[in-house]
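**Student:** Chains as they are written, first to last, in our numbering: chain D, 12 to 616; chain S, 5 to 87.
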Amino acid sequence: MSLQKQLLRINLNTGECKIEPLNMDWANLYLGQRGLGSKYLYDEMNPAADALSAENNLIFATGPLTGTSAATSGRYSVITKGPLTGAIACSNSGGKFGAELKLAGYDLLIIEGKSESPVYLSILDDDIQLKNASHLWGKTVWETEENLANEFDSQARIASIGPAGETLCRFACVVNDRHRAAGRSGVGAVMGSKNLKAIAVRAKKGLSEISDMQAYQQKIQSINARITSPQSLARNGTLEMIDVTNNFGSLPTRNNQDVQFEQASSLNPDAMHATNSNGHTNLVTNGACFSCPIGCGRICKIDPEHFSIKNKPEYHGASGGLEYETAYALGSACGVGDIDAATYCGFLCNEYGMDPISLGGSIAAAMELFETGVISEKETNGIKLNFGSAEALCEITEQTAKGEGFGKEIAMGSKILTEKYGHPDLSMSVKGQEFAAYDGRTMQGMGLAYATSNRGACHLRADPYGHDFKTTDIEGKAKVVKDTQDEVAFIDSTGLCQFAANAGWGLNEYLELVNASSDSEWDDQRMLETGERIWNLERQFNLKAGLTKMDDTLPKRILKEPAKSGAGKGLVSKLSEMLPEYYELRGWDSEGVPLPKTVQRLKLE
Amino acid sequence: MMLHIKMLGELRAYLPSDSIADECKIDFKNNCTLSEVLSQFKIPESVPYIVLVNGDLLGNKKTNEIVLKAEDQILLFQAIKGG
C-alpha cells in the first residue's frame, strides 16, 4: 500500500493545523488525487458557495503512486471550486512538489477558510507551521521560491502564487518548481483569496506502508521498462502536435476564425531547434518531472536581441519554454508566429502565475473585439491589439500579469470580457474556460469533450484523439468520449502522468501499477467504474453549484460557422446530435441529470 | 509523376535520407495507388499512422483503391494526444 493513509487539514480562520486519518472507505471508491480530492471537496463544502469566498476549500491531492519509483509519478492535483467557471476545478501539475508532499506523509492537504493576513505554510514532515508572508506578498513565483529556499529550507519544494493570484486574476494558477503549474480554472485565485501565498514542503519521512519493498520494486521496474519511445517527446516535447493539427486543420487560429495557421512552422519543434540569424537557439535542453524517463518539458532561452527582453537581462537565462498548448494560445490563437514573443509571454505566465491557455484565449477574444471595432485604443489604453502583433501580445501580457491597464479586463477571462462589450459569442470557451488547442469542428469528438467537460473546455478530460484523427464522422464519438472520460478520470487519480500513454503505456500499465501499490484487487471493471463514479461526482457538484444542460454547449462560431480548410473543411460541430446519445450512455436524463439508478449503481449517495 | 510525401514526428525516420526536414519529393509511375507508394517506405505494420491525401482523410476507401495523380500531397502522422 503506497497511500500514506493520512491527510493534513489547515484552517486559515483559526490557524489550526491537524493531521487526520484518511477515509479509507472513500479511498477504495475514489482511489486518490482527482477522485479522492473531489470526494472530500463535494462532501465538505457547499458547491453553491462563491469560489473566492472563505467557504471554498482548496485541496492539494496526491495519488497512490505519487512519489513512488513508478515512471511519471510526480503528479498531484489542486481541487477546488473554480472562479473562472463556477464549476468544480481540478488542475493537475507535475514537477517535484507533489512527490515531496506525499513523502512528507500526506495523501491530501485540505485548506479551509481565509487568513486575515498573508501567510505561507511550511511542512517538514510532522512539523507544520503557518508563517507570516507579508514580506512575500507582491513577489513573483520565482522570487517567492528563492526567498523560501533561503528562509525555510534550501531543499524545499514550493507551490506558490504570483501577483496574478493575489489580484484574483480568474485564470491564475498555482506554480511549483518554477515552471510546472496547476494551470487551469483559476485555482491560484482561490489560493490568493485565502491570503495563502505559498506551501513549502521538505520531506524526510518517505513511504512507510509498503510491506515487501523488494517485490514491490521489481514489479514497478518491470512496468517502467515498457516506456518505449520517449525519443520523439524528448526531442520535440508536446510541441510535436502543432504540425499534426496544423496539417490536419484543427489548430485554432485567430480566435478560431481559422483552423490552420500559415506561420505554424515558426512555432514548431524545428523552429525551437533552429539557430536564428543572431546565432541564437530557443531550446536549451529538455526537462523531466519527478521519476519521469520521458522528459517532455522544454527549457528555453529567448533571443537576447528580441524586442521583448532587449533591456531586461533578468529574462536572458533559461527557463520553462513552450509546450503545444502555450504555442497555440500565445501563437496561433493570436495570429502571432514569433517564437521568442510566445516564449517571453510563457515566462511571464510562470513568473506571475497565469494559465497561458486562458490568457491567450482571452487576448485572442480581445483582438477580435479590437479588429471588429467593438473596442478601440481608448479601451486598450493605446495598445493596437491587432491579430499578429507580437508587440501587442507582449504588452498586454505584461499588463495582465501585473493587474494593470486593460490587462485587468483580460484577467477576468474571455467570457466576462466579451459579455461586457456585448459580444459573448466571441468567447471561445465552455463554462467560461477557454478552449485548448483543438478545433471542435474538425475534431468532432473533442468538441463534445469540451462541451461536457466538468471543468470547462479542456483537452485532457477525454481522449478522442485517435478517433478524431481517423474520421470526422460522428458515429461512435459519444461512446469514445464517455469511455475515455472515465479512463482519464482514473488515470488522474493515480498520481501518474497521462503522457506516458504517448510513450508505450496503455491502460493496463496504469492498472498494474495501482494493483502493485494497493492492498485490494483492481480489475478492468473496478477501474472503469471508479472513473465513471468520479465523473458523476463532479457532475453532481456542478449541478449543485447551479450549472445545467445549457452549460454543455459550444460557442456559436463552432456550431454555425463552417471550418474554412483542412480535413474538416465545411463542417460545423454536430453537438446537438451527439449530446443526447452521450447523456444516454452516461445514464443521465434528457436534462443531463444522473438517473437514480446511475447514482445507486455508482454508490454516489 | 512527382509526389510530395510528408511524415511527422517519429515517422520521419522512414523518409529517404535526402529528405529535407519532414518532406520529400519522389518520382513514381503514373496512376500508382496509395498502397504502392506507402509500401516503398518500409514502415513496420506495428507502427500505426494516419494518412491524408491533399489534406483529406481517406474515409471508407482503402489505400489500394486510391489512385494518385501528379503533385499529390501525402501526409502521414501518428495520433498522439495531449499538449
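Just so it is clear, CB atoms sit at the ideal spot from N, CA and C, and this is done for glycine as well.
Taking the alpha carbon of Met439 (chain D) as the reference point, which residue from D:Pro566, D:Ile121, D:Thr79, D:Gln229 has its own alpha carbon closest?
**Tutor:** Position 428 of the first sequence, counted from the first residue, corresponds to residue 439 (chain D). Ranking D:Pro566, D:Ile121, D:Thr79, D:Gln229 by Cα distance to Met439 (chain D) puts D:Pro566 first.
**Student:** Who are the neighbours of Asn258 (chain D) on chain S, taking C-beta pairs under 8 Å?
**Tutor:** The residue given as residue 258 (chain D) occupies position 247 in the first sequence. Chain S residues near Asn258 (chain D): Lys10, Leu12, Leu56, Gly59, Leu79, Phe81.
**Student:** Could you pull out every residue in the same chain whose Cβ sits closer than 7 Å to the Cβ of Tyr593 (chain D), ignoring the five residues on either side in sequence?
**Tutor:** As a working mapping, residue 593 (chain D) is identified with position 582 in the first sequence. Closer than 7 Å at Cβ, skipping near neighbours: Leu459, Thr463, Ala489, Val492, Lys493.
**Student:** Can the beta-carbon of Ser13 (chain D) be found less than 9 Å from the beta-carbon of Gln44 (chain D)?
**Tutor:** Position 2 of the first sequence, counting from 1, holds the residue named residue 13 (chain D). Position 33 of the first sequence, counting from 1, holds the residue named residue 44 (chain D). Cβ atoms of Ser13 (chain D) and Gln44 (chain D): not closer than 9 Å.
**Student:** Could you please give the first and the last residue of the uninterrupted beta strand (DSSP E) stretch that includes Gly308 (chain D)?
**Tutor:** Sequence index remark: in the first sequence, residue 308 (chain D) carries index 297 (1-based). 308-311 is the span of the beta strand (DSSP E), which, as asked, contains Gly308 (chain D).
**Student:** CA-CA distance, Leu42 (chain S) and Gln242 (chain D)?
**Tutor:** Along the second sequence, read from residue 1 onward, the residue named residue 42 (chain S) stands at position 38. Along the first sequence, read from residue 1 onward, the residue named residue 242 (chain D) stands at position 231. One C-alpha to the other measures close to 24 Å.
**Student:** Nearest by alpha-carbon distance to Lys481 (chain D): which of S:Lys66, S:Pro20, S:Val71 is it?
**Tutor:** Within the first sequence, residue 481 (chain D) is the residue found at index 470, counting from 1. Closest by alpha carbon: S:Lys66.
**Student:** Looking at the unbroken beta strand (DSSP E) that takes in Gly617 (chain D), where does it start and where does it end?
**Tutor:** Because chain D in this structure spans residues 12 to 616, residue 617 (chain D) falls outside the shown range and cannot be described.
**Student:** Residues of chain S with CB closer than 7 Å to the CB of Leu471 (chain D), please, in chain order.
**Tutor:** Mapped onto the first sequence, residue 471 (chain D) falls at position 460. Chain S residues near Leu471 (chain D): Gly86.
**Student:** Against chain S, which members of the region 444-459 of chain D pass a CB distance test of less than 9 Å?
**Tutor:** Answer in chain order: Ala447, Ala448, Tyr449.
**Student:** Could you say which of D:Gly477, D:Leu570, D:Ala473 lies nearest to Glu543 (chain D) if we only look at CA atoms?
**Tutor:** In the first sequence, residue 543 (chain D) corresponds to position 532, counting from 1. The shortest C-alpha separation from Glu543 (chain D) is found at D:Ala473.
**Student:** Which residues in the same chain have their Cβ closer than 6 Å to the Cβ of Arg265 (chain D), if we skip the five residues on either side of it in sequence?
**Tutor:** Stepping through the first sequence from its first residue, residue 265 (chain D) is reached at position 254. Taken in chain order, the residues that qualify are Gly346, Phe398.
**Student:** Of the residues that make up the region 154-176 of chain D, which ones have a beta carbon closer than 9 Å to any beta carbon in chain S?
**Tutor:** So the list is empty, because no residue satisfies the distance condition.
**Student:** Please state whether the Cβ-Cβ distance between Gly598 (chain D) and Cys300 (chain D) is less than 9 Å.
**Tutor:** For the purposes of this step, residue 598 (chain D) is identified with residue 587 of the first sequence, where counting begins at 1. For the purposes of this step, residue 300 (chain D) is identified with residue 289 of the first sequence, where counting begins at 1. No, the pair does not count as a contact, with Cβ atoms beyond the cut-off.
**Student:** Would the region 165-174 of chain D and the region 208-228 of chain D be scored as touching if the rule is three or more Cβ pairs under 8 Å?
**Tutor:** A contact exists between the region 165-174 of chain D and the region 208-228 of chain D.
**Student:** How many Å lie between His190 (chain D) and Ala62 (chain D) at the Cα?
**Tutor:** On the first sequence, position 179 is the one that residue 190 (chain D) refers to. On the first sequence, position 51 is the one that residue 62 (chain D) refers to. Their backbone Cα atoms lie some 25 Å apart in a straight line.
**Student:** Would you tell me roughly how many angstroms separate the C-alpha atoms of Phe510 (chain D) and Gly517 (chain D), rounded to the nearest one?
**Tutor:** Taking the first residue of the first sequence as position 1, residue 510 (chain D) is located at position 499. Taking the first residue of the first sequence as position 1, residue 517 (chain D) is located at position 506. Cα to Cα, the separation comes out at about 10 Å.
**Student:** Leu596 (chain D): buried (16+ other C-beta within 10 angstroms of its C-beta) or exposed?
**Tutor:** By 1-based counting over the first sequence, the position of residue 596 (chain D) is 585. When all chains shown are included, Leu596 (chain D) counts as exposed.
**Student:** Identify whether Val130 (chain D) lies in helix, strand or coil by the three-state DSSP scheme.
**Tutor:** Your numbering for residue 130 (chain D) matches position 119 in the first sequence. In this structure, Val130 (chain D) counts as strand in the three-state DSSP scheme.
**Student:** Report the start-end ranges of each beta strand (DSSP E) in the region 511-554 of chain D that is 3 residues or longer and not cut off at the edges.
**Tutor:** Listed in chain order, there is nothing to give.
**Student:** Using only CA atoms, which one of D:Asp366, D:Glu420, D:Pro367, D:Thr411 lies nearest to Glu390 (chain D)?
**Tutor:** Translated into positions along the first sequence, residue 390 (chain D) becomes position 379. Closest option to Glu390 (chain D), Cα to Cα, is D:Glu420.
**Student:** For the region 287-343 of chain D, list the beta strand (DSSP E) runs that are entirely contained and at least 3 residues long, ordered along the chain.
**Tutor:** Segments of the beta strand (DSSP E) lying fully in the region 287-343 of chain D: 294-298, 308-311.
**Student:** Establish whether the CB of Ser49 (chain D) and some CB of chain S are separated by less than 9 Å.
**Tutor:** One-based indexing of the first sequence puts residue 49 (chain D) at position 38. By this cut-off, Ser49 (chain D) is not an interface position.
**Student:** Leaving out the 5 sequence neighbours to the left and right, which residues in its chain are closer than 7 Å to Leu404 (chain D) when beta-carbon positions are compared?
**Tutor:** Position 393 of the first sequence, counted from the first residue, corresponds to residue 404 (chain D). So the qualifying residues of the chain are Leu341, Cys345, Val347, Ala352, Cys356, Ile374.
**Student:** Would you list the residues sitting across from Met439 (chain D) in a DSSP beta bridge?
**Tutor:** One-based indexing of the first sequence puts residue 439 (chain D) at position 428. DSSP, once it has assigned bridges, lists no residue as partnering Met439 (chain D).
**Student:** Since I believe Asn513 (chain D) is in contact with Ile84 (chain S) (beta carbons under 8 Å), could you give me their beta-carbon distance rounded to a whole number of angstroms?
**Tutor:** Translated into positions along the second sequence, residue 84 (chain S) becomes position 80. Translated into positions along the first sequence, residue 513 (chain D) becomes position 502. Contact flag correct, Cβ pair sits at about 5 Å.
**Student:** Smallest Cα separation from Asp349 (chain D): which of D:Asp314, D:Ile368, D:Glu325?
**Tutor:** Mapped onto the first sequence, residue 349 (chain D) falls at position 338. For Asp349 (chain D), the nearest C-alpha among the options comes from D:Asp314.
**Student:** With the cut-off set at 9 Å, would you say Lys29 (chain D) and Met56 (chain D) are in Cβ contact?
**Tutor:** Translated into positions along the first sequence, residue 29 (chain D) becomes position 18. Translated into positions along the first sequence, residue 56 (chain D) becomes position 45. The answer is no: Cβ separation not under 9 Å.
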